[in-house]
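Going by the working numbering, the sequence shown opens with residue 105, and the numbers climb by one from there.
Here the structure comes first, spelled out in structure tokens, and everything after it is commentary.
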Amino acid sequence: MTSPGRADILRDGLWRRNAGVVQLLGLCPLLAVSTSAVAGLGLGLATLFVLTCTNLVVSLLRPLLVGSLRIPVFVLIIASLVTVVELVLAGWLPALDQRLGLFVALIVTNCTILARAEAFASRQPPGAALLDGLATGSGFAAVLLVLGAARELVGRGTLFAGLDLLFGPAAAGPGLVLPVDGLLLAILPPGAFIGLGLMVAAWRWLDMRPRGAAPQNTAVTPTREPAG
């Protein structure tokens, strides 16, 4: 199978086939955790790690994969990496682990990870699989971060509050605080659906904008008069 170019892999993962706003995969954690920028970024980074490592391991093992056992092996790899993430969060970032709760474990059920392992990593060399994992995971993390930041800003009037949960005491501080009361709806479940719907609409508007017509050649070609 021919490996796609690096630019195509990056463009697909980050924009054209973005898992969050185009394919609408992994919506359960995406909608539930994105109540703040820090929570969204935390889960986004965890998903990015699992997706990238899964792609790399699957690509390295592809000569050994048996067709009938392929999917169970993929799930075992994903579950092992998610367990590593859970142990790291519980050991080094317990406050963030409590905030994310069950949704870290639900990374195992994220269709994006299994889909990329089956459709791409199992058929491509390690370099391309690694790049695809980075691009797809970064695209999903970006959606989590933007949606979480928007909901936090509108719902609480803050931005990046509790950043120390992710980066330690050195990042402690209230973050950006607006002198207005937030709109409670934004951080409730309906706000998640409304926010995601607006992001999907914005993506479609940006993607469908006319790219501009090619300049027309207005030069007049001289006509040769008949000899007389």
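Every residue, glycine too, gets a C-beta built ideally from N, C-alpha and C.
Between the alpha carbons of residue 303 and residue 128 lies a gap of roughly 11 angstroms. Just measuring C-alpha positions, the residue of 196, 257, 167, 139 sitting nearest residue 282 is 257. The three-state secondary structure of residue 216, taken from DSSP, is helix. Excluding the 5 residues flanking it on each side, residue 232 has same chain C-beta neighbours closer than 6 angstroms at 107, in chain order.
Residues of the same chain with a CB within less than 7 angstroms of the CB of residue 154, apart from the 5 flanking positions on each side, are 182, 185, 186, 189, 211, 217 in chain order. Around the beta carbon of residue 172, fewer than 16 other beta carbons sit within 10 angstroms, so the residue counts as exposed. The three-state reading of DSSP puts residue 158 in helix, counting H, G and I together. Within a 10 Å sphere around the beta-carbon of residue 133 sit 16 or more other beta-carbons, which makes this residue buried. Contact annotation: residue 141 and residue 263 have beta-carbon atoms nearer than 9 angstroms. C-alpha of residue 310 to C-alpha of residue 205: approximately 34 angstroms in a straight line. The way I'd put it, the segment 114–124 does touch the segment 230–247; three or more beta-carbon pairs between them come closer than 8 angstroms. When DSSP states are grouped into helix, strand and coil, residue 106 belongs to the coil group. Of the other Cβ atoms in all chains shown, fewer than 16 fall within 10 Å of the Cβ of residue 180; this residue is therefore exposed.
Of the residues assessed, residue 157 falls on the buried side of the cut-off, its CB having 16 or more other CB atoms within 10 angstroms. The residue from 250, 270, 122, 273 with its alpha-carbon nearest to that of residue 296 is 250. The beta carbon of residue 269 lies closer than 8 angstroms to those of 142, 146, 197, 199, 200, 203 in the same chain, with the five residues before and after it left out.
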